[in-house]
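First residue of the sequence shown? That's 1 in UniProt numbering, and the numbers climb one at a time after it. Glycine is no exception: its CB is placed at the ideal position from the N, C-alpha and C atoms. Computed from a predicted structure; not experimentally measured. Have a look at the structure below, then the notes.
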Amino acid sequence: MDGLFLPLMLALLVGFMFLSFRNNKKRQQAQQQLQAQAVPGARVQLTSGLFGTIVGDEGETVEVEIAPGVVTTWNRLAIRDVITEGADAPAVETEDEDAFRVPDYTEEDAARDAAAEKAAPENAAGEKVADDAPEIAPADTDTKDK
1 MDGLFLPLML ALLVGFMFLS FRNNKKRQQA QQQLQAQAVP GARVQLTSGL FGTIVGDEGE
61 TVEVEIAPGV VTTWNRLAIR DVITEGADAP AVETEDEDAF RVPDYTEEDA ARDAAAEKAA
121 PENAAGEKVA DDAPEIAPAD TDTKDK
């Protein structure tokens with residue numbers, strides 16, 4: 001039995017090393033394929049979770065546009081995945097000028113605000129308060145024990 005133990009352990013060790021090297025080789029090939037797909041114009045997801053489009057390639061670094069007009073520089077190894085067409089990636093939103101438009105303050109708005117201010121009740125100090133604001137009594141400043 002002792003003569004069989006050592007060869008069996010060596011066979012298991014060699015088998016484990018073979019599987020380990022094989023998995024590493026597959027992982028390296030997948031990383032090389034990913035880096036080959038990371039060309040300007042490709043949509044990518046970075047390891048931080050950001051999505052963007054590669055706009056520049058400088059060897060070890062890439063320039064990624066993460067929002068319209070916002071370009072950041074990243075190490076090429078920070079690319080987690082290259083997003084292909086039809087994948088579940090968020091769409092890039094374009095700037096819409098009307099999305100952030102503040103409505104004009106009209107004379108009608110000013111008249112409504114003036115009427116609301118006149119109708120607002122006053123507190124004990126004579127200050128205007130909102131209708132739903134609770135009336136707060138002045139604090140008792142007497143600190144003597146009762």
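Got a sec? Which residues, its chain only, sit under 8 Å from SER20 by beta carbon, not counting five neighbours each side?
-> For the purposes of this step, residue 20 is taken as residue 20 along the sequence shown, with counting starting at 1. So no residue of the chain qualifies.
Distance between PRO103 and GLN28 (C-alpha atoms, nearest Å) | As a first step, residue 28 must be located in the sequence shown, where it is residue number 28. As a first step, residue 103 must be located in the sequence shown, where it is residue number 103. C-alpha of GLN28 to C-alpha of PRO103: approximately 56 Å in a straight line.
Return the CA-CA distance between ILE54 and PHE18, expressed in angstroms with no decimal places.
-> One-based indexing of the sequence shown puts residue 54 at position 54. One-based indexing of the sequence shown puts residue 18 at position 18. Between the C-alpha atoms of ILE54 and PHE18 there is a straight-line separation of about 37 Å.
C-beta contact flag for LEU34 and TRP74 at 8 Å = Start at 1 with the first residue of the sequence shown, and residue 34 comes out as number 34. Start at 1 with the first residue of the sequence shown, and residue 74 comes out as number 74. No; because the gap between Cβ atoms is not below 8 Å, this pair is not in contact.
Which of helix, strand or coil does DSSP assign to LEU50?
-> Residue mapping note: residue 50 aligns to position 50 of the sequence shown, counting from 1. Coil, per DSSP.
Reference ARG80; option with closest CA among ALA30, LYS118 and PRO40 = For this step, residue 80 is matched to residue 80 along the sequence shown. Selection ALA30, LYS118 and PRO40 evaluated against ARG80 yields ALA30 as nearest (Cα-Cα).
Does DSSP put ASP104 in a helix, a strand or coil?
-> Counting from 1 along the sequence shown, the entry for residue 104 is found at position 104. If DSSP states are grouped into helix, strand and coil, ASP104 belongs with coil.
6 Å CB neighbourhood of ALA42 in its chain, flanking five on each side removed = Here the question's residue 42 lines up with position 42 in the sequence shown. Excluding residues within five positions, the ones whose Cβ falls inside 6 Å are ILE54 and VAL82.
Enumerate in chain order the residues of its own chain whose CB-to-CB distance from THR61 is below 8 Å, with the five nearest sequence positions on each side excluded.
-> In the sequence shown, counting from the first residue as 1, residue 61 sits at position 61. Closer than 8 Å at the Cβ level, and outside the excluded window around THR61, lie THR73, TRP74, ASN75 and ARG76.
Quick one: is VAL14 buried, meaning 16 or more other Cβ sit within 10 Å of its Cβ, or exposed?
-> Position 14 of the sequence shown, counted from the start, is the residue given in the question as residue 14. So VAL14 counts as exposed.
Shortest alpha-carbon distance to GLU85 belongs to which of VAL44, ASP57 and ASN23?
-> Counting from one through the sequence shown, the residue named residue 85 turns up at place 85. It is VAL44.
LYS25 versus ALA36: straight-line alpha-carbon distance, rounded | The sequence position of residue 25 within the sequence shown is 25, counting from 1. The sequence position of residue 36 within the sequence shown is 36, counting from 1. Distance between the alpha carbons of LYS25 and ALA36 is about 17 Å.
With 16 other CB atoms within 10 Å as the buried threshold, where does VAL64 fall?
-> On the sequence shown, residue 64 is found 64 positions in, with the first residue counted as 1. When all chains shown are included, VAL64 counts as buried.
Would you give the residue range spanned by the beta strand (DSSP E) that GLU63 belongs to?
-> In the sequence shown, the residue the question calls residue 63 occupies position 63. GLU63 -> beta strand (DSSP E) spans 61-67.
Under three-state DSSP, which class holds GLU127?
-> As a position in the sequence shown, residue 127 is number 127, starting the count at 1. Coil.
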